[in-house]
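One rule links them: number in the working numbering = place in the sequence shown (from 1) + 341. What follows is a single structure, written as structure tokens, with notes after it.
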Amino acid sequence: MNTARLVHPGFWFNKTPLQEALALAKRGVGGFCLYGGTRQDVADFTKAVRAASPLEHLLISADYEDGLGRWLPDAPLLPSNMALGAANDEKLAFEKGVLTARQARSLGVDWIFAPVLDLANNPLNPIVNTRSFGENPQQVIRLGRAFLQGLAHAGALSSLKHFPGHGDTSTDSHVALPVLQRTQEQLLARELVPFQTLLPLADSVMLGHLFIPQLDDKNPASLSQQIARELLRNTLHYHGCVLTDALLMKAIGNEKQAAWQALQADVNILLVPQDPNGLIDFLERKKVPAEWLANSQKMQDALCAKAKQAGPRPTQEEAFADNDFARRTAQKAIVVEGQLPPIRPGQTVHYMEIGNTDQKASATFLQKLLEREVQVQPKRSGISSV
Numbered sequence: 342m343n344t345a346r347l348v349h350p351g352f353w354f355n356k357t358p359l360q361e362a363l364a365l366a367k368r369g370v371g372g373f374c375l376y377g378g379t380r381q382d383v384a385d386f387t388k389a390v391r392a393a394s395p396l397e398h399l400l401i402s403a404d405y406e407d408g409l410g411r412w413l414p415d416a417p418l419l420p421s422n423m424a425l426g427a428a429n430d431e432k433l434a435f436e437k438g439v440l441t442a443r444q445a446r447s448l449g450v451d452w453i454f455a456p457v458l459d460l461a462n463n464p465l466n467p468i469v470n471t472r473s474f475g476e477n478p479q480q481v482i483r484l485g486r487a488f489l490q491g492l493a494h495a496g497a498l499s500s501l502k503h504f505p506g507h508g509d510t511s512t513d514s515h516v517a518l519p520v521l522q523r524t525q526e527q528l529l530a531r532e533l534v535p536f537q538t539l540l541p542l543a544d545s546v547m548l549g550h551l552f553i554p555q556l557d558d559k560n561p562a563s564l565s566q567q568i569a570r571e572l573l574r575n576t577l578h579y580h581g582c583v584l585t586d587a588l589l590m591k592a593i594g595n596e597k598q599a600a601w602q603a604l605q606a607d608v609n610i611l612l613v614p615q616d617p618n619g620l621i622d623f624l625e626r627k628k629v630p631a632e633w634l635a636n637s638q639k640m641q642d643a644l645c646a647k648a649k650q651a652g653p654r655p656t657q658e659e660a661f662a663d664n665d666f667a668r669r670t671a672q673k674a675i676v677v678e679g680q681l682p683p684i685r686p687g688q689t690v691h692y693m694e695i696g697n698t699d700q701k702a703s704a705t706f707l708q709k710l711l712e713r714e715v716q717v718q719p720k721r722s723g724i725s726s727v
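Structure, rendered in structure tokens:
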């Protein structure tokens, strides 16, 4: 096996030069993880790199956790996992998986890095947040299973993340290394329950960049033999594909040394390094043991075979046909805590907008209030909103 196949670089549309990606494809990398672009950009890219690759099948992946609209401006943004948790409806979770898989596959993307099985058990968590189905492990299992089944039904590969559970942390692993204070017994009783239950349905597992000193007082989970090999492989008996979270994240330090540690821990794919060519050169100089290469090839060949067995890809017209999924989910996801205050014509409602985008804005809601002769004003400091 070509050492380069261990590495799956990232590709950022309007940032990464296409020629750089084509050169990496020719070198034999195992796949690409995509960020941004339009539907046409993604479709054109997947065709181009597959044509350049010597591999029979090149795996294309993306973090389409909430549908393609999280990254593509001309694709629908699907309701978050937290919205599905509020709706508590397995049929909706299955449908989200189906829609995501169909739309991704129509553009040439095989592999969805989802579902997130982290528990929403820390409101200060900046990285999991609305990506979680909830804080109850059994609810996460039910909705996560339905989403996995939806992905599989429509022919996309899946990945459980972020093993062994990133929920109860308050640090963004893109910036620094989060710390989770748990013993193995505590993890098995709570954070690991969704993973342990759903591992048999998963095509892969993504290791989280988090530090659990009770299990390994030197290395983050993504590089730890105690966590990746002993806990995931030996204790939980998972024998499928294991990959790192993005190596360019600041939580792990030197990515070349981190990659080598990950391979030592029985990890099969090195995801999104900052310098993919430099990493491949480093691994070639280190002479990766034949056993590690063979294990990675076996895992990736199995994923490629499953991706090809999914059959013909749907057309974009079929995959992106209008549907009312978001409306139905939103209606069922509405949660009311306490008693709503009465709002009457002539009253003034002060409102605050947080994180608006072109796809998520308050204009419709505010217009409805105005139609009912309720005045609306942006919230000012010192004024309590209704």
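Note that beta-carbon positions come from the ideal geometry of N, C-alpha and C, so glycine has one too. All values derive from a computational prediction rather than experimental measurement.
Judged by their CB atoms, I553 and V348 are not nearer to each other than the 9 Å cut-off. Annotated three-state conformation of E397 is coil, per DSSP. Note that the C-beta distance between P686 and V715 is below 9 Å.
For K502, the number of other beta carbons within 10 angstroms of its own is at least 16, and it is reported as buried.
Secondary structure note for W633: it is in no beta strand (DSSP E), and the uninterrupted alpha helix (DSSP H) holding it is A631 to Q650. Looking at the DSSP output, V546 sits in a beta bridge with L501 and V583. Residue pairing for A403: DSSP places it in a beta bridge opposite L375 and I453. If you look at T689, you'll find it in the beta strand (DSSP E) that goes T689 to Y692.
Residue environment for T387: buried (at least 16 other C-beta atoms within 10 angstroms of its C-beta). In this structure, G408 sits near L418, with a CB-CB distance shorter than 9 Å.
Taking C-beta atoms under 8 Å as the contact rule, R570 and A543 fail to qualify, at a distance of about 17 Å.
Shortest Cα-Cα distance from P535 to any of G549, L484 and H580 involves L484.
Under DSSP, G351 takes part in a beta bridge, and its partners are C374.
A contact is defined here as three or more CB-CB pairs under 8 Å, and the region 567-581 fails this definition with respect to the region 489-500. With a 10 Å radius around the Cβ and a threshold of 16 neighbouring Cβ atoms, Q641 comes out buried. Distances from the alpha-carbon of L533 to those of A651, L518, P505 and N560 put P505 closest. When the five nearest sequence neighbours on each side are left out, the beta carbons in the same chain lying within less than 6 Å of the beta carbon of R368 are those of A345, in order along the chain.
Beyond the five residues adjoining it in sequence on each side, W412 comes within less than 8 Å, by CB distance, of L375, Y376, G377, G378, A403, D404 and Y405 in the same chain, given in chain order. As the crow flies, the alpha-carbon of S637 is around 20 Å from that of L577. DSSP links G408 through a beta bridge to E406.
Taking 9 Å as the cut-off, the beta carbon of A562 is found no closer than this to the beta carbon of H580. In the DSSP assignment, V717 falls within the unbroken beta strand (DSSP E) covering Q716 to P719. DSSP places N664 in no alpha helix (DSSP H); its state is neither H nor E. Only residues of its own chain outside the window of five on either side were considered, and among them W601 have a CB closer than 8 Å to the CB of K627, listed in chain order.
With respect to the C-alpha of G652, the residue from D451, Q525, A702 and N343 having the closest C-alpha is D451. In the three-state DSSP reduction, V390 falls in the helix class (H, G or I).
Contact annotation, F373 with A362: C-beta distance approximately 7 Å; criterion of less than 8 Å satisfied. When DSSP states are grouped into helix, strand and coil, L612 belongs to the strand group. Residues L399 of the same chain have their beta carbon placed closer than 6 Å to that of R391, with the five preceding and five following residues left out of the count. Buried is the label assigned to N560, since at least 16 other Cβ atoms lie within 10 Å of its Cβ. At least 9 Å separates the beta-carbon of S500 from that of A442. In the DSSP assignment, F488 is bridged to no other residue. DSSP, read as helix, strand or coil, puts V520 in strand.
About 17 Å separates the beta carbon of Q490 from that of N429, a gap too long to meet the 8 Å contact definition.
G475 is a Cβ neighbour of G426, given a cutoff of 9 Å.
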